[in-house]
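Right, one structure below, let's go through it.
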Amino acid sequence: MSTDTAPAATADATREAARRRTFAIISHPDAGKSTMTEALALHAQVINEAGAVHGKAGRRSTVSDWMDMEKARGISITSAALQFAFGDHVVNLVDTPGHSDFSEDTYRVLSAVDAAVMLIDAAKGLEPQTLKLFRVCKARGLPVITVINKWDRPGLEALALMDEIYRDIGLQPTPLTWPVGIAGDFKGVLERRTGEYVAYTRTAGGATRAPEEWMDADAAAAREGVDWSTAVEESELLEADGATHDQELFLDGITTPVLFASAISNFGVAALLETLVELAPPAAAFAYDKGGTPERREVGEPFSAFVFKVQAGMDTQHRDRVAFARVTSGAFERGMVVTHAQTGRPFATKYAQAIFGRERSALDTAYPGDIIGLVNAGALKPGDTLYLDAPVEFPPIATFAPEHFAVASSADTSKSKQFRKGIDQLDSEGVVQVLRSDLRGNQSPVLAAVGPMQFEVVQARMEAEFGAAIRLETLSYTQARRTDAASAAELDSLRSVEVLQRNDGSYLLLAPDKWRISTIERDHPELTLEPLLAGE
Ligand code: G4P
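Residues in the sequence shown are numbered consecutively from 90, following my numbering.
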């Protein structure tokens with residue numbers, strides 16, 4: 090980019106960043122993430138027909154089906170971003186792989202967003218996958234907006250759900266809306282900030298935008314009687330308890346604004362979009378380390394982005410690799426030649442794309458907060474930085490605590506070279522963590538994963554791309570802790586545990602369960618054992 094255009098580009102990027110809202114939905118499978126994604130896009134009028142984003146049986150499908158495995162299971166294991174305009178804002182919804190076999194990618198997505206929407210099924214409350222993802226949000230300092238979904242169906246009491254959130258994850262809920270009518274009899278919501286009533290009207294199959302009727306408290310009381318007075322009383326209880334929105338506490342991760350919704354009927358969907366735009370933070374500066382000094386890459390500085398996910402084999406016609414990068418500063422223009430910080434090499438962005446599901450379109454410009462898909466990105470790995478002009482290198486994405494372990498070996502011993510090459514490649518892409526020890530040797534490394542589906546991806550890719558079919562033998566460990574060189578030998582000599590090394594030289598202790606970890610901590614307080622993020 091020539092220096093004459095720099096001031097204009099800076100102003101552009103700063104202005105564009107301010108209107109970006111980039112978020113992900115964290116939820117347990119079946120809570121309604123796909124339905125809510127559709128409803129949000131529908132409401133923002135990106136698509137006119139519910140069902141065009143994440144297909145389920147019988148609906149028009151654009152769900153990714155790049156890999157046979159996905160096809161067989163009817164699930165999406167890729168992640169990309171859905172972008173839509175909403176009023177003066179641009180909303181980027183970064184997709185999180187949603188199956189219970191979720192993987193490290195699900196966690197990595199959370200390093201590319203500025204806020205999270207925690208979607209909870211009203212009948213089930215907080216479920217395990219939501220809790221795991223919440224811990225990652227907390228570690229990353231992401232503000233969380235909570236949505237209680239499926240209020241059209243019988244469920245828990247609203248106040249009980251608020252207690253559960255506070256008790257189980259320590260976030261103080263500050264409901265913005267409060268339901269009128271119990272779960273299963275969703276009439277509308279009390280807008281707690283104005284005291285108004287928003288009455289919802291059901292439409293056939295929720296196929297169009299649900300009509301909303303706004304009215305004052307008197308009209309609401311006349312219309313809903315005891316349901317309205319109950320909502321008002323409960324809201325007053327919340328107020329007495331200090332459960333009132335405070336922007337600073339929300340951004341600090343101390344409180345969570347709560348909305349009640351029924352994604353399937355489009356109730357509360359408009360409120361969620363408006364809340365995102367009003368309360369979620371815009372794309373802002375990213376921190377990095379400059380020779381030991383903490384620095385920030387301001388959004389108006391020259392282009393930079395970091396890769397949060399690499400997807401291979403998305404298109405079976407062209408065996409390509411797509412790196413998904415989040416723009417952190419500056420204006421991106423397709424065709425720019427940027428620098429790959431980790432290698433110092435130039436990277437041409439001729440093939441940048443906006444990718445969501447199976448839909449791809451060439452992407453010409455992007456700004457902070459946007460997600461770009463870079464095709465033919467053989468050299469890029471999760472955590473890598475790209476930049477223009479002023480060098481920057483963002484810190485690596487934290488690795489997460491694996492919970493599944495298996496020994497990999499080549500099914501055909503004459504393919505040991507391909508085996509090693511493939512395993513190293515998949516390790517560097519972050520498809521799975523590869524652990525080694527002298528004892529196990531190079532031909533039988535331990536694969537460590539957050540979700541068992543990562544093993545299936547390794548198996549499929551080893552065979553298809555490297556011509557080296559593998560055998561996997563599951564190990565009975567479920568726990569990993571970080572340790573160091575000084576403690577490694579002694580830990581390794583203990584019963585029922587094992588110490589292995591990652592390719593970056595760091596040491597991990599694997600143990601069958603938490604109980605074993607506790608006894609080691611008790612018996613050997615002098616040894617180093619530290620929890621890894623999100624699975625402690
Ligand atoms: P996920 O992506 O989080 O896994 O959830 P998804 O949206 O696929 O929703 C899971 C099931 O819950 C779907 O039903 C969906 O229709 C239903 N659902 C989602 N939101 C609501 C809601 O607000 N109210 C009610 N009552 N149901 C909701 P399904 O029977 O599994 O699939 P489908 O045949 O209806 O598509």
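Note that CB positions come from ideal geometry on N, CA and C, so glycine has one too. Remember, it's a predicted structure, so these values are computed and weren't measured experimentally.
Nearest-angstrom Cβ-Cβ length linking residue i and residue j, presumed shorter than 8 Å
i	j	result
P457	E216	In fact, because the Cβ distance is near 33 Å, the residues do not count as touching under 8 Å.
L182	T126	6 Å
S393	T474	7 Å
L348	T266	5 Å
T345	D335	So it is not a contact: roughly 11 Å between Cβ atoms.
I114	V206	5 Å
D524	A537	The amino acid at residue 524 is misidentified as Asp; the sequence shows Leu. Rounded, the Cβ-Cβ distance is 6 Å, consistent with contact.
A495	L564	6 Å
P264	A369	Wrong, their Cβ atoms sit about 17 Å apart, outside the cutoff.
A430	Y476	6 Å
A310	W317	5 Å
Collapsed DSSP secondary structure at residue i in the structure displayed
i	result
I606	helix
H613	coil
P346	strand
Q568	strand
Y596	strand
W317	helix
E363	helix
Y192	Tyr is not the amino acid found at residue 192; the sequence shown has Ser there. It is coil, neither helix nor strand.
E216	coil
V521	coil
A99	First, the residue type needs correcting, since residue 99 is Thr and not Ala in the sequence shown. Residue state, collapsed to three classes: helix.
Y255	helix
L326	helix
A249	helix
H178	strand
A538	strand
L589	strand
D516	helix
G277	strand
D459	coil
Q532	coil
H132	helix
D581	helix
A170	strand
S505	helix
L626	The chain is shown from 90 up to 625; residue 626 falls before or after that span and cannot be answered.
L338	helix
V269	strand
S165	Confidence is the limiting factor: at S165 the pLDDT is only 32, short of 50, which leaves the residue's position unreliable, though a coordinate-based value still follows. Looking at S165 - three-state DSSP - the assignment turns out to be coil, as it is neither helix nor strand.
Neighbour-count burial assignment, residue i, 16 or more Cβ in a 10 Å radius
i	result
N592	exposed
A146	With a pLDDT of 38 at A146, under the threshold of 50, the modelled position of that residue is not reliable, and no figure is offered here.
L528	exposed
Q218	buried
N238	buried
P435	exposed
R550	buried
Q548	buried
E193	buried
V324	Correcting the residue type first, residue 324 is Ser in the shown sequence and not Val. So S324 counts as buried.
G389	buried
D307	exposed
E268	The residue asked about is misnamed: residue 268 is Pro in this sequence, not Glu. That one is buried.
Q543	buried
A320	buried
Residue i CB to nearest heavy atom of the ligand G4P below 7 Å
i	result
G121	yes
I353	yes
D241	yes
S192	no
T124	yes
P118	yes
V531	Per the sequence shown, residue 531 should be read as Asn rather than Val. Every heavy atom of the ligand G4P is 7 Å or more from the Cβ of N531, so no.
N238	yes
*Uninterrupted beta strand (DSSP E) stretches inside the region 379-440 (no shorter than 3 residues)*: 382-386, 393-401, 410-418, 426-429 and 434-437
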